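Here the sequence shown is numbered in the working numbering, starting from 18 and rising by one per residue. Right, one structure below, let's go through it.
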Amino acid sequence: MSLDLQIQSLIQTFRSTLPPELNALIELGAGEISALPIVENALKAGDRAPDFALQNYTGATRSLADYLKAGPLVVTFYRGLWCPYCNLQLAAYNARHADLLALGANLVAISSEGPDGLELLNASDIPRESRETVISAPAFDMLHDASASVAKQFGVAFTLPEPHRKLLELFKVNIEKANGDDTYAFADPAT
C-alpha cells in the first residue's frame with residue numbers, strides 16, 4: 018500500500034474510533050497548520066541548504082558538511098514519534114534506505130524531539146494505531162533540532178497550535194520533556 022493510502026487509512030481509523038471531541042481537536046489544529054505559509058517560506062529547489070551541526074540520538078554531532086563529504090543527502094523533517102503520519106513517512110523511508118544508498122545518497126531525519134521520544138510515547142495514552150507506525154531502529158541518523166532552529170533556517174518551522182497541544186495533553190504526551198524546551202516549535206513534515 019502506498020504511503021498516501023496508509024495515511025488516508027489511518028485518518029479514517031481515527032475518525033471512526035476516536036471520540037468526536039478528539040477528532041475535532043485534530044481537525045482544528047490541522048486547519049491552523051494548513052493556513053500557515055510554510056510552503057511559501059520553505060527553501061525551494063536550487064536554494065542552498067544552510068549548514069547545521071546537530072546531535073544524533075546516540076549523542077554524536079553530525080553536520081551537513083560532513084554528510085555531504087560522503088555524497089548527496091536527503092534531509093527529512095518530522096514532528097516526533099507521537100505523530101503517526103510522520104512515523105508512516107519515516108517507515109517508508111526506512112524501507113527504501115538501501116535504495117538511496119545504492120544511488121550514492123544518504124538520508125537524515127531531523128526533529129525537535131530528543132532521543133527520549135520513544136520512552137515518552139510508551140508512557141503516553143496515544144492510541145495503539147499510532148504506536149504501530151513507529152520504527153524503533155531506523156537505518157539512518159535521527160537528529161535532535163532543539164527549538165526547531167534548523168527547521169526555521171529551512172523555512173519549515175511552526176508553533177504547535179493550541180488544539181494540538183490540548184490533544185497531546187489529553188493523551189499524556191509531555192512535549193516539553195520530549196523536546197527539552199517549552200517553545201512548542203516543530204518542523205512541518207518536509208523533505
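Here a beta-carbon is modelled for each residue, glycine too, at the ideal position from N, C-alpha and C. If you're wondering where the values come from, they're calculated on a predicted model, not measured in any experiment.
- Between the segment 174-194 and the segment 133-143, the count of Cβ pairs shorter than 8 Å is three or higher; the stretches touch.
- Per the coordinates, the alpha-carbon of residue 24 lies some 21 Å from the alpha-carbon of residue 92.
- Only buried fits residue 167, as 16 or more other CB atoms lie within 10 angstroms of its CB.
- Residue 171 sits in a helix when the DSSP states are folded into three classes.
- Residue 113: not part of any beta strand (DSSP E); member of the alpha helix (DSSP H) spanning 101-119, first to last residue.
- Residue range 55-58 is occupied by the alpha helix (DSSP H) that includes residue 56.
- The beta carbons of residue 195 and residue 131 sit about 7 Å from each other, so the pair counts as a contact at 8 Å.
- Pairwise C-beta distances place the segment 96-116 out of contact with the segment 44-56, as fewer than three of them are shorter than 8 Å.
- Three or more Cβ pairs closer than 8 Å define a contact, and the segment 113-122 falls short of that threshold against the segment 195-208.
- DSSP places residue 40 in the uninterrupted alpha helix (DSSP H) bounded by 37-51.
- Annotation: the continuous beta strand (DSSP E) that includes residue 80 extends over 78-80.
- Under the DSSP assignment, residue 70 falls outside any alpha helix (DSSP H), being part of the beta strand (DSSP E) whose first and last residues are 70-73.
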